[in-house]
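What follows is one structure encoded as structure tokens, with my remarks underneath.
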Amino acid sequence: MSQDVMLKEAIQAVHQGQRSRARDLITRLLRADQSNPEYWLWMSSLVDSFKEQVYCLQSALKLDPGNPAAKQGLVLLGAFPADPDISPVPPVLRRWEIPLQEIPRSRLQENPFLRLLVYSTLSLLVVGFMVLGAFGINMKRTSNLAFIPTRTPGPSPTYTSTPTVSNFTPLSPTNTPRITGAPPLWTLLDVTYTPTSIYISTPHPINEAFRVGQLALSRNNLDVALENLQQAILIEPESADILYAIGEIHRLQGEPIKALSAYEGAVEIDSDFAPAYLGRARLMRQLDPKAEVREDLELAIELDRGFGEALLELTDYLFEKEEVELALEYLGAAVHVMPGSPLVHLYQAQAHLLQGELQQALEEARLSNQLDMTLLSSYKVLGQAAVLNEEYEEAFTALDTYLQYRDSDAEAWAIYGEALYASDQYSETIKALDIAIKLDPNLPDAFHIKGLAYIELGEGQKGVNEIYRAIRLKPNTFNYQLDFARALFVAERVEEAVGAMYPVERLAEDDEELAQVYFWRAVMLEAQGENYLALKDWRKLLELDEGTFPQDWLETAEARLIDTPTPGLTSTTSPTLTPSLSSTRTSPPQATGSPTPGS
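If you want it as structure tokens, here you go:
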């Protein structure tokens, strides 16, 4: 039978209400040719679950991007944004009332005397039956005595056992879940959240276990989903997509060996099945964040150019490898494949952060979080972007949520400590950064900011120790070297502080950094009593553009030149060292008040 004839028979079966036959015919057509969008459209009307309908319509739209029927179907299902230019059709107003028809009356209804006679007869009959019923019952009774039961013990009652079904597993054991620990993120939603469906290669209309497994998976009931999918693979042992779904459940349940076995089983069945390579790459990165998975991800994309999840996973991998330009190329491809996806906006936020576009990063992070409040990583990126945009309240809210579920993320604790430092909570800063450093002792920024907090608390020597550790991890960093010298100054090691400032000058790359060198070295030289050398630095500062340093620095330098010569300042009258937030911030430090030297 040719494909055209089979399609006509399937359509005829649909019109005749023969869904099973139509579904069987369309399934056979799809197995023969999956590149025909018309087959996918008809299959979308024959499958039972919401996710299968969405998948079929998305497959049709992928093959024919301009297909109006596929677009309209996805819009009606809520899986595709509606065209904003389309206005709703005004309702057609119809008369809904049916005119009443007068029914001609019978002869009895027309004659009032006959009606009175009939109604009177019926009333007498009803009364007679009531009297007969009341007295007739008492006539049949043999005794009016009421016997009270005795307490005489008798044999215990016996019960017949009722057989129950022992192998039945309900999809939803209880209506209200019992939550222990931190509440799941979906409890923050006003409506039930539907997770992204797992990649399905072909529909399985005759496999009831698969349908039930997919339904349970959509409800995040992993145990029931796994049980049914394991039955489904017994029915269709050559289905790579069922094995992939089983692997995903094992991965989410923290069973890496079983997950890897399922992924590799899917590859053995179909070496061109792209999701199996994505699943294996995700699993390897989950076990080892530094795992080399580029080959698997590139192969998945090569096999399916429109595989958005693989594009985003490779984007994330390349960001970690600091291959920003290549990552942006894959991210651009993902934007076209998955428009409006919260993951796309999340990775766009990360891209803006890497490019120093802080406001755009914050906007994208906010949008990602709004689109999917259950996407945990969006809270971390939102917190980081908010800190860099000095939106500290927003940063605390996002990071508090993230750390409630991922309290072992050292980088998140470091960002949290940075927000605390920027909001002048120096003791809390040290506590947060202690956690970060305990989780990962290779975070130079954490040591640096912790040292800055000690400087603000007047504990200069502790600041020296912490910033020295940052320098050992990341030598020749301008901010670290500058703040190390300032920590020495607060620790009253003035001569060493002045000596440490000269190498810092060689690390300066622009006028803003040179301004910081000249200002702080001049302050330190005055505290050492070297007023002549300090005047040289004040003059150098005034030779720079005024926009490269704060206005109060300008006023201080001009005052020093006017008052020349002046006695050297002591360490108890020098300005407070208010350092910059971290190496990621470009604003120069401000001079205020007097420091309290640490011991």
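Position 509 of the sequence shown, counted from 1, bears residue number 497 in this note's numbering, the numbering being contiguous throughout.
Even for Gly, the Cβ is constructed at its ideal location relative to N, Cα and C.
Going by C-alpha distance, which of the options is nearest residue i?
i     : options                   : result
P491  : Q469, F117 and K438       : Q469
A402  : Y393, E308, H436 and F472 : H436
L391  : L408, L364, L205 and Y232 : L364
L(-5) : S356, D292, S8 and W30    : W30
Q202  : S37, L300 and Q348        : S37
A220  : R199, G235, A247 and W508 : R199
A473  : L306, E484 and A269       : E484
L271  : Q241, D258, L299 and I289 : Q241
Q594  : N453, R7, Y27 and S356    : In the structure displayed, the chain extends from -11 to 587; residue 594 sits before or after that span and is not available.
A288  : D258, K278 and K309       : D258
P429  : E399, G446 and D471       : E399
A515  : E493, V482, R527 and F507 : V482
Alpha carbon to alpha carbon, how far is residue j from residue i? Give it in angstroms, no decimals.
i    : j    : result
V212 : A228 : 20 Å
Q343 : E313 : 10 Å
T162 : N209 : Caution is warranted here: a pLDDT of 37 is assigned to T162, below 50, making its placement in the model unreliable, and the coordinate value is therefore given only provisionally. Distance between the alpha carbons of T162 and N209: 12 Å.
F537 : L502 : 10 Å
S249 : Y265 : 12 Å
E589 : E283 : Missing from the structure shown is residue 589; the chain here goes from -11 to 587 and no further.
E589 : I230 : For residue 589 there is no data in the structure shown, the boundaries of the chain being -11 and 587.
Q358 : L331 : 11 Å
S415 : A522 : 34 Å
H324 : S47  : 15 Å
R267 : A475 : According to the sequence displayed, residue 267 carries Gly and not Arg. When rounded, the distance between both Cα atoms is 49 Å.
P327 : E444 : 47 Å
I455 : Y442 : 10 Å
H3   : Y305 : 49 Å
G116 : Y107 : 15 Å
A204 : G235 : 15 Å
Under 8 Å between the Cβ atoms of residue i and residue j?
i    : j     : result
Q504 : A479  : no
G296 : S329  : yes
S33  : L51   : no
L513 : D498  : no
L62  : L45   : yes
A321 : L341  : no
P25  : A(-2) : no
R9   : A20   : no
K438 : I423  : no
L275 : P244  : yes
E534 : L542  : yes
F307 : Q338  : yes
A233 : L222  : no
L440 : S396  : no
Under 8 Å Cβ to Cβ from residue i, same chain only, skipping five residues before and after it: list those, please.
i    : result
T109 : none
E286 : L302
V179 : Note on V179: pLDDT 38, under 50, position unreliable in the model; no value is reported.
A70  : V63
E546 : L530
I425 : A398, L431, A434, F435 and K438
Grab me the residues of residue i's own chain with a C-beta within less than 6 Å of its C-beta, minus the 5 sequence neighbours each way, in chain order.
i    : result
T303 : A315, Y318, L319 and Y335
L291 : D260 and A262
P432 : A458, L461 and K462
R379 : A quick correction: the sequence has Glu, not Arg, at residue 379. If we look at E379 and ignore the five residues flanking it on each side, it has no Cβ neighbours.
L376 : L346
T389 : Y367
E280 : none
E382 : A374
D360 : P330
G253 : L231
Excluding the 5 residues preceding and the 5 following residue i in the sequence, name in chain order all residues of the same chain whose CB lies nearer than 7 Å to its CB.
i    : result
A420 : W401, Y404, G405 and L408
A496 : F466, L502 and V505
H238 : K246, A247 and A250
N55  : P25, A48 and L49
Examine the ligand GDP and report whether any of its heavy atoms sits within less than 7 Å of the Cβ of residue i.
i    : result
E514 : No copy of the ligand GDP appears in this structure; indeed no ligand is present at all.
*Should the stretch 10 to 20 be called in touch with the stretch 36 to 43, which here means at least 3 C-beta pairs below 8 Å?*
no
*So does the stretch 344 to 354 actually touch the stretch 368 to 379, counting three or more Cβ pairs closer than 8 Å?*
yes
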